[in-house]
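Chemist:
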Amino acid sequence: MNTEEIKKILEESKTIAMIGVSSEKKKEDPKNIKRKPANVVMKYMQNFGYKVIPINPFAKGEIINGEKVLEDLDDIDSPVDIVDVFRPSKEAIIYANKAIRLSPKALWLQYGIHNDEAQNISENANIKYISDKCIKQEYQKIFQKSNPVFPVLRNE
18 MNTEEIKKIL
28 EESKTIAMIG
38 VSSEKKKEDP
48 KNIKRKPANV
58 VMKYMQNFGY
68 KVIPINPFAK
78 GEIINGEKVL
88 EDLDDIDSPV
98 DIVDVFRPSK
108 EAIIYANKAI
118 RLSPKALWLQ
128 YGIHNDEAQN
138 ISENANIKYI
148 SDKCIKQEYQ
158 KIFQKSNPVF
168 PVLRNE
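So in this note's numbering, the last spot in the sequence shown is 173, and the numbers never skip.
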């Protein structure tokens, strides 16, 4: 996926379903949740006008960054433009299959995440496939002309 294709997807998108946003764990310092990669990316994309629907079965019903957490992609009943995944590569097939019902523009797998079968599923359903890229960093490079430093996340 080249930069122009990614730019077009980001320009034409308004809603992101983000799988793997972290909830606050018992006895965890609440400041830590704000530093978790998916939460940082969620807040950033919200700041630039995207509606982000957080998905996390263990945080269902919680409010994260002002949005109610849903258990699963199947619980979404509104249009979604991008399904963004912060989960291990082996789980990408599950989300590719579930994304088909939502007909997003793209299935986006974050840093360190790639799955050939998920790619085939997506492309066969006419869904663009982006893997091993951070949506936040791509947004910054394309629209803010900055090359941000962000820790490489490996989620094999």
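Note that CB positions come from ideal geometry on N, CA and C, so glycine has one too.
Excluding the five sequence neighbours on either side, which residues of its own chain have a C-beta within less than 6 Å of the C-beta of Ile23, listed in chain order?
Modeler: Result list for Ile23: Glu155, in chain order.
Chemist: Skipping 5 residues on each side, what residues in its chain have a beta carbon closer than 8 Å to that of Val169?
Modeler: Here the model assigns Val169 a pLDDT of 46, short of 50, so the residue's position is not dependable and the matter cannot be decided.
Chemist: From the DSSP output, which residues share a beta bridge with Leu124?
Modeler: Bridge partners of Leu124: Val100 and Tyr146.
Chemist: Are Tyr67 and Thr32 touching if we call contact CB-CB under 8 Å?
Modeler: In this structure, Thr32 lies closer than 8 Å to Tyr67 by Cβ.
Chemist: Check whether the stretch 135-145 touches the stretch 70-88, taking contact to mean three or more Cβ pairs, one atom from each stretch, closer than 8 Å.
Modeler: With a cut-off of 8 Å, the stretch 70-88 and the stretch 135-145 do not count as touching, because too few Cβ pairs lie within range.
Chemist: Whole angstroms are fine: how far does the CA of Val97 sit from the CA of Tyr146?
Modeler: Approximately 15 Å, taken between the alpha carbons.
Chemist: Return the CA-CA distance between Phe65 and Asp91, expressed in angstroms with no decimal places.
Modeler: Roughly 26 Å separates the two Cα atoms.
Chemist: What's the C-alpha gap between Gln63 and Glu134?
Modeler: Whole-angstrom Cα-Cα distance: 30 Å.
Chemist: Mind checking Asp101: buried by the 16 CB within 10 Å criterion, or exposed?
Modeler: Buried.
Chemist: Quick one: grab the DSSP three-state call for Lys24.
Modeler: DSSP places Lys24 in helix when its eight states are reduced to three.
Chemist: Of the choices Met18, Leu87 and Ser148, whose alpha-carbon is the least far from that of Ile36?
Modeler: Of the listed residues, the one whose Cα sits closest to Ile36 is Leu87.
Chemist: Buried or exposed for Ile144, going by 16 or more other Cβ atoms inside 10 Å?
Modeler: It is buried - the Cβ of Ile144 has at least 16 other Cβ atoms within 10 Å.
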